[in-house]
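Peer 1:
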Amino acid sequence: MVLALTLIRESVRDMRQPVVSELVQKGKDPYLVLISCLLSLRTKDATTREAQRRLFDEASTPEEMVTLPKEKIEQLIYPVGFYRNKAVVIKEVSKELISKYNGSVPDDIDTLLTLKGVGRKTANLVVTMGYDKPGICVDTHVHRISNRLGFVCTKDPEGTEMALRERLPPDHWKEINDLLVTWGQNVCGPISPFCSRCPVSHLCEKKGVTVHR
DNA sequence: AAAACGGGGGC
DNA sequence: GCCCCAGTTTT
Numbered sequence: 037m038v039l040a041l042t043l044i045r046e047s048v049r050d051m052r053q054p055v056v057s058e059l060v061q062k063g064k065d066p067y068l069v070l071i072s073c074l075l076s077l078r079t080k081d082a083t084t085r086e087a088q089r090r091l092f093d094e095a096s097t098p099e100e101m102v103t104l105p106k107e108k109i110e111q112l113i114y115p116v117g118f119y120r121n122k123a124v125v126i127k128e129v130s131k132e133l134i135s136k137y138n139g140s141v142p143d144d145i146d147t148l149l150t151l152k153g154v155g156r157k158t159a160n161l162v163v164t165m166g167y168d169k170p171g172i173c174v175d176t177h178v179h180r181i182s183n184r185l186g187f188v189c190t191k192d193p194e195g196t197e198m199a200l201r202e203r204l205p206p207d208h209w210k211e212i213n214d215l216l217v218t219w220g221q222n223v224c225g226p227i228s229p230f231c232s233r234c235p236v237s238h239l240c241e242k243k244g245v246t247v248h249r
């Protein structure tokens, strides 16, 4: 499994990196990581890119965010999916951060999970990307590829998270999401993966098949 | 035109 | 565990 990840890392090197990488390079602000996650929920990474830039241009702290009217946030993040609901959630979370956590973002998974709109994927990403603490972020790319390559065999993403936590050495945890998202977008997609350009297709248990959809 | 896409929450 | 949520993208 680690060998497979090493080979994947090699071929991912020159690919366009996902949005989260940009945030990391911009100083790993946990608040931006969090809001970026909420914005990306159930919508493709590429389509949230511009919306993210527009939103953060107007507000990049909880204090700035709560001053924006709901309609303004909606307008800024359009046309990402669920934009109406997301505007509400983003504002509520920002309020909650101010009233309960002095405007800062909690740094442990259990506390993060109590926030509105925050589930395991978001909580893990904030902790690993924002605070450089151990966590495994399982989105559909990580889930699908882990199952297709036979790293794990579980129906639900939480099972994948737990299994990876046990089987994968901690020094790979921080990278796993970034790596497999890029991999999933460019090679190992959900519908018709490009197995011909995959360096680990020889050890893939479910080459070419659609997994868990 | 229709199906695919992608996390969280409520039941 | 099942089903819904809304809107864009892909087929």
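Remember, the working numbering sits 36 above the position in the first sequence when you count from 1.
Every residue, glycine too, gets a C-beta built ideally from N, C-alpha and C.
1) Quick check on V163: does DSSP put it in helix, strand or coil?
2) Exposed or buried, which one is P115 when buried takes at least 16 other CB atoms within 10 Å?
3) With a threshold of 16 other CB atoms inside 10 Å of the CB of E107, please say whether the residue is buried or exposed.
4) Is the number of C-beta pairs between the region 161–171 and the region 64–73 that are closer than 8 Å three or more?
5) Taking the CB atoms as reference points, tell me whether I109 and K127 lie closer together than 9 Å.
6) CB-CB under 8 Å to L74, same chain, minus the five flanking residues each way: which ones, in chain order?
7) If you reduce the DSSP assignment to three classes, tell me which class R184 lands in.
8) If I follow the unbroken alpha helix (DSSP H) through V69, where does it start and stop?
9) Is the beta carbon of L149 less than 9 Å from the beta carbon of V178?
10) If we require 4 or more residues per run, which alpha helix (DSSP H) segments fall completely within the region 209–234?
11) Work out the CA separation of G244 and K136 for me, nearest whole Å.
12) Nearest-angstrom Cα distance between N333 and R184?
13) Can you tell me where the alpha helix (DSSP H) with L112 in it begins and where it stops?
14) Quick check: the Cα distance between P205 and V174, rounded to an integer number of angstroms?
15) How far does the alpha helix (DSSP H) with P193 in it extend, from its first residue to its last?
Peer 2: In terms of the structure at hand:
1) Mapped onto the first sequence, residue 163 falls at position 127. V163: helix per DSSP, three-state reduction.
2) Counted from its first residue, the first sequence places residue 115 at position 79. Looking at its Cβ environment, which holds fewer than 16 other Cβ atoms inside 10 Å, P115 is exposed.
3) Here residue 107 refers to the residue found at position 71 when the first sequence is read from its first residue. Label assigned to E107: exposed.
4) Proximity of the region 161–171 to the region 64–73 meets the contact definition, three or more beta-carbon pairs being nearer than 8 Å.
5) For this step, residue 109 is matched to residue 73 along the first sequence. For this step, residue 127 is matched to residue 91 along the first sequence. It is a contact, given that the beta carbons lie within the stated cut-off.
6) The sequence position of residue 74 within the first sequence is 38, counting from 1. Contacts found: K122, V125, I126, V129, G153, V154, T158.
7) Along the first sequence, one-based indexing puts residue 184 at 148. R184: helix per DSSP, three-state reduction.
8) Start at 1 with the first residue of the first sequence, and residue 69 comes out as number 33. Start and end: 66–76.
9) The count along the first sequence starts at 1 and reaches residue 149 at position 113. The count along the first sequence starts at 1 and reaches residue 178 at position 142. The Cβ-Cβ distance between L149 and V178 does not fall below 9 Å.
10) Along the region 209–234, the alpha helix (DSSP H) occurs as fully enclosed runs of 4 or more residues at 209–222, listed in sequence order.
11) Translated into positions along the first sequence, residue 136 becomes position 100. Translated into positions along the first sequence, residue 244 becomes position 208. Straight-line measurement puts the Cα of G244 at about 48 Å from the Cα of K136.
12) As displayed, the chain neither begins before 37 nor continues past 249, which places residue 333 out of reach and without an answer.
13) The count along the first sequence starts at 1 and reaches residue 112 at position 76. It spans 106–113 - the alpha helix (DSSP H) in which L112 sits, taken as one unbroken run.
14) Residue numbering aside, residue 205 sits at position 169 when the first sequence is read from its first letter. Residue numbering aside, residue 174 sits at position 138 when the first sequence is read from its first letter. If you draw a straight line from the Cα of P205 to the Cα of V174, it is about 16 Å long.
15) Working through the first sequence from its first residue, we reach residue 193 at position 157. Unbroken alpha helix (DSSP H) run through P193: 193–203.
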